[in-house]
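J.: Sharing a structure below in structure tokens format, with a few things to ask.
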Amino acid sequence: MAMRSLFLVFSMLLPTAWVSGKSYDVVIYGGSSGGFTAAIQAAKLGKTVVLIEPAGHIGGMNVEGLGGTDIDNHREFQNSPAVGGLALEFYRRIARHYGKGDAFETMLAKGEKAPALWRFEPHAAEAVILGWLKEHAIDLVTGAVLKEGPGGVTKEGPKLTAIATSKGDFEGRVFIDATIEGDLLASAGVTTVIGREANAVYQETKNGIRGSTTHCQFAVKVDPYRVPGDASSGTLAGVVDEPFGEPGAGDHRLQAYCYRVCLTDKEENRLPLPKPANYDRASYELHLRYLRAGGKIYRPRAALPNQKTDFNGGSDVSHNLNGMNHGYPGGSAAERRQILDHHRDFTQGLFYFLANDPEVGRLAPDLQREWSRWGLAKDEFTDNGGWPRVFYVRDARRMVSDYVITEHHVRKDKPTPVEDSVGMAYWPPDVHNVRTLVKDGHAYNEGFVFGGNDWIPFGISYRALVPKAAEAVNLLTPTCPSSSHIAYGAIRIEFTFMALGQACAVAASEAIDHGSTVQEVSYAALRDRLLADGQVITLH
Numbered sequence: 001m002a003m004r005s006l007f008l009v010f011s012m013l014l015p016t017a018w019v020s021g022k023s024y025d026v027v028i029y030g031g032s033s034g035g036f037t038a039a040i041q042a043a044k045l046g047k048t049v050v051l052i053e054p055a056g057h058i059g060g061m062n063v064e065g066l067g068g069t070d071i072d073n074h075r076e077f078q079n080s081p082a083v084g085g086l087a088l089e090f091y092r093r094i095a096r097h098y099g100k101g102d103a104f105e106t107m108l109a110k111g112e113k114a115p116a117l118w119r120f121e122p123h124a125a126e127a128v129i130l131g132w133l134k135e136h137a138i139d140l141v142t143g144a145v146l147k148e149g150p151g152g153v154t155k156e157g158p159k160l161t162a163i164a165t166s167k168g169d170f171e172g173r174v175f176i177d178a179t180i181e182g183d184l185l186a187s188a189g190v191t192t193v194i195g196r197e198a199n200a201v202y203q204e205t206k207n208g209i210r211g212s213t214t215h216c217q218f219a220v221k222v223d224p225y226r227v228p229g230d231a232s233s234g235t236l237a238g239v240v241d242e243p244f245g246e247p248g249a250g251d252h253r254l255q256a257y258c259y260r261v262c263l264t265d266k267e268e269n270r271l272p273l274p275k276p277a278n279y280d281r282a283s284y285e286l287h288l289r290y291l292r293a294g295g296k297i298y299r300p301r302a303a304l305p306n307q308k309t310d311f312n313g314g315s316d317v318s319h320n321l322n323g324m325n326h327g328y329p330g331g332s333a334a335e336r337r338q339i340l341d342h343h344r345d346f347t348q349g350l351f352y353f354l355a356n357d358p359e360v361g362r363l364a365p366d367l368q369r370e371w372s373r374w375g376l377a378k379d380e381f382t383d384n385g386g387w388p389r390v391f392y393v394r395d396a397r398r399m400v401s402d403y404v405i406t407e408h409h410v411r412k413d414k415p416t417p418v419e420d421s422v423g424m425a426y427w428p429p430d431v432h433n434v435r436t437l438v439k440d441g442h443a444y445n446e447g448f449v450f451g452g453n454d455w456i457p458f459g460i461s462y463r464a465l466v467p468k469a470a471e472a473v474n475l476l477t478p479t480c481p482s483s484s485h486i487a488y489g490a491i492r493i494e495f496t497f498m499a500l501g502q503a504c505a506v507a508a509s510e511a512i513d514h515g516s517t518v519q520e521v522s523y524a525a526l527r528d529r530l531l532a533d534g535q536v537i538t539l540h
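Residue 1 is where the sequence shown starts when you use my numbering, and the numbers rise one by one after that.
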């Protein structure tokens, strides 16, 4: 599509008018997968809705680079049967956008695995999402950041009445926090947690500090010190200088974040890989030593339509910044911006380094030739020079309610039963490396958990989406459910967030219609409405 035509399309899809101080039935803070589906569902049920996004674009990671949808993309399992309701409608619309609607329906009818039919480009997702939202009476507000500190939320006892943002105040009857960061929850006084619980807290086995990490571990031995062999010289950039800690103990740390970068090797749509103004070659000494030791570094691979990547971190050494993000979830706007900028500069510098550094060319000429073929896509993130506006926050705040989803729900052996399921999680506990540190004199990645054959899909309890009644009676969250760190790793998939967003909107509507708190919503009524709308709440 020509750039002028693309501009005209998005001009027609700009947010609708809104008025500060207007009162709504449902106020949704966060335009994530859970946010936009909650808005659509609430509007379909006849409620007045405002969808407020603190950043500039609605759609969450779907529009920020995560187009390689985690549906049917592993040989070991097929999770598409868990996709229903509005989530399935989203992917159906994506397929139609690419003229593959018939193929999509055939795939569903035959129960086939066809990962490519679920994948999309960021700008395509944005067009689909905004077009879908425009079909309903939903007020859209972007760039509206919740006020920091006291005054962000107005309450009467445990009842929220309004939120204050940089774009004005919004009154509502029921509120939904659809951010990944959980900012509305925290501002409303709801108990949240950041970091890894100790295994002992919920009698788990995969939480806390990992005594042994094998997934995405260094394949070769790499000296971690600035002066090789000299611990007193300090550690290289990317290697944290701290004690290992006690395996199984809790800590403040989180799995690494990264930009999901959209690259292309189509020359006519390619922008040069940018060299950041503060480029520092020393930042990539860890990667260089990895190559010198014989390690193999990742390469771009087209997995999205039109020869594009959804470039993810997670290899032995990558653009995952292990250990550099724990200040983000609870940080101020300024602190978050600093962390975001550091990740951007590091990632741009790494890609430039791999494509241009002379020593990389000598050590791995094939690697450099491959990297030099790729660049940013001209038709993606056009308001930000082809670079995603935000990075992939894999885990931030999690609500702590009266009901907590834990590893016991995910276990194949004697799983905890769920009597009030509102959607399915069909993904193994997935936690990227948390930090790179020194172990036995070499660089070591700690924290990765993925895969195995000891997990099962499970229903997500409605009780995990509502706070303790003493803290808030008209607030729900689809994106920060009450769950342990390791259990959240099985929940944090975009189609799951969509399902939970739909469930939160139905619950909000039920609470409004019956004048009840969100804790008092009838599960039977919630279940029946979700099933009528095609939601998958069990696979049995």
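Think of the CB as a built atom: it goes at the ideal place given N, C-alpha and C, for glycine as much as any other residue. Fair warning: this is a prediction, and the values are worked out from it, not measured in the lab.
What do you get for G229, buried or exposed, if any count of 16 or more other CB atoms within 10 angstroms of its CB means buried?
T.: exposed
J.: Inspect the CB distances between the stretch 30-39 and the stretch 51-66 and report whether three or more fall short of 8 Å.
T.: yes
J.: Using the C-alpha atoms, what's the distance from E53 back to L86?
T.: 20 Å
J.: Could you tell me whether the Cβ atoms of D383 and H485 are closer together than 8 Å?
T.: If you check the CB distance, D383 and H485 do not come in under 8 Å.
J.: Assuming contact is defined by CB atoms lying nearer than 8 Å, are A237 and S283 in contact in what I supplied?
T.: yes
J.: Going by DSSP in three states, H74 sits in which element: helix, strand or coil?
T.: strand
J.: Are the Cβ atoms of L130 and I176 separated by less than 8 Å?
T.: no
J.: Give the list of continuous alpha helix (DSSP H) stretches no shorter than 4 residues that lie fully inside the stretch 90-133.
T.: 101-110, 122-133
J.: Hey, out of P481, P415, S461, S372, whose CA is closest to D454's CA?
T.: Of the candidates P481, P415, S461, S372, the one whose C-alpha sits nearest the C-alpha of D454 is P415.
J.: Taking 8 Å as the threshold, find out whether the stretch 407-427 comes into contact with the stretch 295-304 through three or more Cβ pairs.
T.: no
J.: In the DSSP assignment, the beta strand (DSSP E) including L354 goes from what residue to what residue?
T.: Element bounds for L354: not the beta strand (DSSP E) but the alpha helix (DSSP H), 333-356.
J.: Measuring alpha carbon to alpha carbon, tell me which of C480, K155, R529, G111 ends up nearest S401.
T.: C480
J.: Where does the unbroken beta strand (DSSP E) through Y488 begin, and where does it stop?
T.: That residue, Y488, is in no beta strand (DSSP E); its alpha helix (DSSP H) goes 485-491.
J.: Just to confirm the assignment, what range does the beta strand (DSSP E) spanning M498 have?
T.: It is not in any beta strand (DSSP E) - M498 instead sits in the alpha helix (DSSP H) that spans 494-514.
J.: Is A503 near Y462, with beta carbons less than 8 Å apart?
T.: A contact, by the Cβ cut-off of 8 Å.
J.: Since R397 is in the alpha helix (DSSP H), which residue starts that stretch and which ends it?
T.: Segment: none, R397 is in no alpha helix (DSSP H) and carries neither H nor E.
J.: Who are the Cβ neighbours of A249 in its own chain at under 7 Å, not counting the five residues just before and after it?
T.: A198, G208, I209
J.: Bridge partners of T154, per DSSP?
T.: DSSP lists A162 as partners of T154.
J.: Roughly how many angstroms separate the alpha carbons of L321 and L500, rounded to a whole number?
T.: 29 Å
J.: State the DSSP-derived secondary structure class of S522, mapped to helix, strand or coil.
T.: coil
J.: Mark P243 as exposed unless 16 or more other C-beta atoms lie within 10 angstroms of its C-beta, in which case mark it buried.
T.: Exposed is the call here.
J.: I believe P300 touches L263 by the beta-carbon criterion, under 8 Å. Please report the beta-carbon distance rounded to the nearest angstrom.
T.: 5 Å
J.: Roughly how far, in whole angstroms, is the beta-carbon of G459 from the beta-carbon of I512, given that I think they are within contact range, below 8 Å?
T.: Their Cβ separation, rounded to whole angstroms, is 25 Å, which puts G459 and I512 out of contact at 8 Å.
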